[in-house]
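Student: Residue numbering for the sequence shown follows the working numbering, starting at 6 and increasing by one per position. Glycine included, each C-beta is placed from N, C-alpha and C at the ideal position.
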Amino acid sequence: MKKLFLSLAAVATISTTTAITASAEEVDVKSGDTLWGISQDYDVSVEQIKQQNNLTSNLIFPNQKLTVNHNGDSEVAHTATADSSVYTIQPGDTLFAIGQQYNVSVNELKHWNNLSSNMIYSGDTLNVNGSNVATKEKSTVASTQPAQPKTEEKQVQTQQQEQKTITMESTAYTANCTGCSGITRTGINLLENPDRKVIAVDPNVIPLGTEVYVEGYGKAVAGDIGGDIQGNRIDVFIPSQSEALNWGRKSVDVTILD
6 MKKLFLSLAA
16 VATISTTTAI
26 TASAEEVDVK
36 SGDTLWGISQ
46 DYDVSVEQIK
56 QQNNLTSNLI
66 FPNQKLTVNH
76 NGDSEVAHTA
86 TADSSVYTIQ
96 PGDTLFAIGQ
106 QYNVSVNELK
116 HWNNLSSNMI
126 YSGDTLNVNG
136 SNVATKEKST
146 VASTQPAQPK
156 TEEKQVQTQQ
166 QEQKTITMES
176 TAYTANCTGC
186 SGITRTGINL
196 LENPDRKVIA
206 VDPNVIPLGT
216 EVYVEGYGKA
226 VAGDIGGDIQ
236 GNRIDVFIPS
246 QSEALNWGRK
256 SVDVTILD
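So, in C-alpha cells, the structure goes:
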C-alpha cells in the first residue's frame, strides 16, 4: 500500500492526481496467503486487487490465480497531509497493520481515537501518535476527577481484569510444515519473525489484531485463524516443532489487553 506524506508550510492538506504505468503480473495463491499480504508485497491496495479480479469478498483459495498491477491500473488520487499525526484509512487496512507501520499498539490507537472495537472504515482518519491527546487528557483528569483511594483503585483494576480474562483450550502450531507459507491471516511472516508471539483465534471471540496475555506463553497478538479454532479455543505459535508438541492441549487463561 503506497502512502504519500508531504511537509507543507501554508497548506494543511493537498490532493494530487498522478498517472501510473501499470505492470500486471499473475500471482498463484499459496496456502496461508491473504489479500492483505499480497497487497503489501505488490504495493497496491486490497480494493485494487478485488476490482482487478472481480472479487466480491476478501476470501481467496490455494492455487487460485490473481492478476495484480504493481502500481495500479489507472490514475490514482493521493491525499497528502502535512500532519503526520493523522492517517487516512485505506481499503484493507487493520488497526494491527497501521500500528505496525507507526510502531504503536492497537490499544494506543483505540485509546487515542476513542474506539470501542477494532472495526475501522476506509476514508476515516486516525490519530497515530497521540499528539495533543495525552496533554489534554491529563489536564481534564486533574481538574474534573477526584483522587481515589489506592485500595479502591486496586479493586477496580482487579474487577476489570477479571471481566477481560477468558479460560480457553489451547494447542500449539509451527510454521515449519509441508505446504505452510508461514504467513498469518494478518500478514505476519512467522518464518522471518520466529520470535513473534502470535496466536490463532476465532475472530468472533477475540478480534484479529487484539493484544492478549496468555498464561504460560506471554504477551501476544491475535494474528491468525484456523479451521479448527472455533469458540473458546486458541492455537499458540511456537517456532520449534518439538516445543509445539510439548505444549500439547491444555486450558489457559487469556487476558484481553486492549
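(1) On the three-state DSSP scale, how would you describe Ser-256?
(2) Based on the DSSP secondary-structure assignment, which residues constitute the bridge partners of Glu-30?
(3) Classify Gln-235 as buried or exposed, calling it buried when 16 or more other Cβ atoms lie within 10 Å of its own Cβ.
(4) If I follow the unbroken alpha helix (DSSP H) through Lys-115, where does it start and stop?
(5) Assign Asp-263 to one of two classes, buried (16 or more other C-beta atoms within 10 Å of its C-beta) or exposed (fewer than that).
(6) Short check: CB of Gly-221 to CB of Val-257, under 9 Å?
(7) Suppose only complete runs of 4+ residues qualify. What are the alpha helix (DSSP H) ranges in the region 162-235, listed by chain order?
(8) Are there 16 or more other CB atoms within 10 angstroms of the CB of Asn-123, so buried, or fewer, so exposed?
(9) Quick one, which of Asp-98, Val-51, Gln-106 and Pro-244 has its alpha-carbon nearest Ala-177's?
(10) Is Asn-74 closer than 9 Å to Gln-45 when the C-beta atoms are compared?
(11) For Asn-251, does the three-state DSSP call read helix, strand or coil?
(12) Could you please give me the residues that DSSP links to Glu-92 through a beta bridge?
(13) Rounding to the nearest angstrom, what Cα-Cα distance links Gly-42 and Asp-200 in this structure?
(14) Going straight from the alpha carbon of Val-34 to that of Tyr-107, what length do you get?
(15) Please name the residue or residues paired with Asp-240 in a DSSP beta bridge.
(16) Rounding to the nearest angstrom, what Cα-Cα distance links Thr-172 and Val-259 in this structure?
(17) Assign Ile-65 to one of three DSSP states: helix, strand, or coil.
(18) Around the C-beta of Gly-128, are 16 or more other C-beta atoms found within 10 angstroms, so that it is buried, or is it exposed?
(19) Thinking just about the alpha-carbon of each residue, which of Ser-36, Asp-233 and Thr-72 is nearest to the one in Glu-30?
(20) Please tell me whether Ser-175 and Val-133 are closer than 9 Å, where the distance is taken between their beta carbons.
(21) Going by Cα to Cα distance, which pick from Asn-181, Thr-191, Leu-250 and Ile-211 is closest to Gln-105?
(22) Quick check on DSSP: helix, strand or coil for Leu-262?
(23) Kindly indicate which three-state DSSP category Ile-43 falls into: helix, strand or coil?
Tutor: On the basis of the coordinates in this document:
(1) In the three-state scheme derived from DSSP, where H, G and I count as helix and E and B as strand, Ser-256 is classed as strand.
(2) DSSP output for Glu-30 lists Val-73 as bridge partner(s).
(3) The residue in question, Gln-235, is exposed, as its Cβ has fewer than 16 Cβ neighbours within 10 Å.
(4) According to the DSSP assignment, Lys-115 belongs to the alpha helix (DSSP H) that extends over 111-117.
(5) Its Cβ being crowded by 16 or more others within 10 Å, Asp-263 is buried.
(6) A Cβ-Cβ contact shorter than 9 Å links Gly-221 with Val-257.
(7) Residue ranges of uninterrupted alpha helix (DSSP H) with 4 or more members are absent from the region 162-235; none lies entirely inside it.
(8) So Asn-123 counts as buried.
(9) Closest option to Ala-177, Cα to Cα, is Pro-244.
(10) For Gln-45 and Asn-74, no; Cβs fall outside 9 Å.
(11) Here DSSP, grouped into helix, strand and coil, assigns Asn-251 to helix.
(12) Correcting the residue type first, residue 92 is Tyr in the shown sequence and not Glu. In the DSSP output, where bridge partners are listed per residue, Tyr-92 has Leu-131.
(13) Cα to Cα, the separation comes out at about 20 Å.
(14) In this structure, the CA atom of Val-34 is about 28 Å from the CA atom of Tyr-107.
(15) Assignment of beta-bridge partners to Asp-240 by DSSP yields Thr-176 and Ala-205.
(16) In a straight line, the C-alpha of Thr-172 is about 6 Å away from that of Val-259.
(17) Annotated three-state conformation of Ile-65 is coil, per DSSP.
(18) Here Gly-128 is exposed: its Cβ has fewer than 16 other Cβ atoms, across all protein chains shown, within 10 Å.
(19) Cα-wise, what sits closest to Glu-30 is Thr-72.
(20) No; because the gap between Cβ atoms is not below 9 Å, this pair is not in contact.
(21) Out of Asn-181, Thr-191, Leu-250 and Ile-211, Thr-191 has the C-alpha closest to the C-alpha of Gln-105.
(22) Leu-262 falls in the coil class under three-state DSSP.
(23) Here Ile-43 carries a helix assignment [DSSP, helix/strand/coil].
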